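Numbering (mature numbering (1 follows the signal peptide of the UniProt record, and there is no 0)), first residue to last: -28 to -1, 1 to 308.
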């Protein structure tokens, strides 16, 4: 006959056993020990918790140690925090399944930037793997535009900054202080090469078409100076007025033409003047229809002509006297 387990015996039987002493050794705790159920807290902790496994790198693939993270629950309460180790890893364990907010509070270096906050879903198990890649901090570039001769800052210059590997340029325009600033992305620890090219010069200055190459390093300032030369002012061409022909002044009624000093054709040079002729009588007569000439421009010619007439008259008078003497002598010899 099979004996039923004490677990299932009625209370009356257990009382009997206790009296007879045959079951005095049966522990009462065993009869009343509770069995584990699916809702037990022990089972719940074993099957419904999880974690987050973080691997930290940069854009170049290098592992980053010392990055700080904070994990927040759905109410914004911090439930865990820590830093990545030398292998760039950080593990959060014992988390209930659900959605959490992962916040990077520090990159751990001077050249890397932190990533934006992100949601992390935790499921039961060993942990959710998550790779976080920190970008390099941008370089802060400052462009200065100056006068090449005086160093004076120039406003209104337009500068294009283009990556050496190609891509869209960053366009900057200098202000009143001759300065323009921008943040340039950097893709490596050694920096990224850029080229600055002036596309528009300030008013009154020549365009500096020679590009300026420089290297932008992560988290470091960089200054690029572009100097322009002032345009030369064109030399004005003098205006020469047109030359006018000289104007001949009209002849006034008081002017007389210059007398002709040539002897008249009707008067022979050998004409013998009468003894009573004087110098004044030999002066050339005034042409009819002309006015008296009061100027002194013809005086030399008149004096010269008068001298010639006097000389001719004197010669003619001498010849006449000789003829008279010869005639007298001839008459006297005839009378004798």
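All residues carry an ideal CB built from backbone N, CA and C; glycine is no exception. The structure displayed is predicted, hence computed values, not measured ones.
query, result
"Cα-Cα separation between residue 134 and residue 140, rounded to whole angstroms", "7 angstroms"
"Proximal residues to residue 310 (C-beta, below 8 angstroms), its chain only, five neighbours per side dropped", "Summary: the structure shown does not reach residue 310, with the chain confined to residues -28 through 308, and so no result is reported for it."
"Proximity of residue 168 and residue 184 at Cβ, strictly below 7 angstroms", "yes"
"Residue(s) in a DSSP beta bridge with residue 195", "114"
"Top-ranked residue by Cα proximity to residue 48, from 25, 29, 38 and 72", "72"
"CA nearest to the CA of residue 170, picked from 101, 197, 104 and 287", "197"
"Own chain, CB closer than 8 angstroms to residue 148, minus 5 neighbours either side, in chain order", "125 and 127"
"DSSP beta-bridge partners of residue 101", "25"
"Neighbour-count burial assignment, residue 70, 16 or more Cβ in a 10 Å radius", "exposed"
"Secondary structure of residue 66, DSSP reduced to three states", "strand"
"Nearest-angstrom Cα separation, counted from residue 92 out to residue 175", "56 angstroms"
"Local conformation of residue 283 per DSSP, three classes", "helix"
"Beta-ladder partner(s) of residue 42, from DSSP", "53 and 75"
"Segment contact, 8 angstroms Cβ cut-off, at least three pairs: the segment 104 to 113 with the segment 22 to 31", "yes"
"Status (buried if at least 16 other CB within 10 Å, exposed otherwise) for residue 163", "buried"
"For residue 86, the nearest candidate out of 117, 41, 99 and 68 (CA to CA)", "41"
"For residue 36, the three-state DSSP class (helix, strand or coil)", "coil"
"Whole-angstrom distance between residue 43 and residue 88, CA atom to CA atom", "13 angstroms"
"Spatial distance of residue 160 from residue 190 (CA atoms)", "8 angstroms"
"Proximity below 7 angstroms, CB of residue 335 to CB of residue 111", "Nothing in the structure corresponds to residue 335, since the chain is present only between -28 and 308."
"Coil, strand or helix - residue 162 by DSSP", "coil"
"Cα-Cα separation between residue 65 and residue 56, rounded to whole angstroms", "14 angstroms"
"Cα-Cα separation, residue 62 to residue 157", "28 angstroms"
"Cβ-based neighbour list, residue 52, same chain, cut-off 6 angstroms, excluding 5 preceding and 5 following", "43 and 64"
"Buried or exposed (CB count within 10 angstroms, at least 16 for buried), residue 285", "buried"
"Proximity below 7 angstroms, CB of residue 199 to CB of residue 75", "no"
"Residue 113 and residue 194 closer than 7 angstroms at C-beta", "yes"
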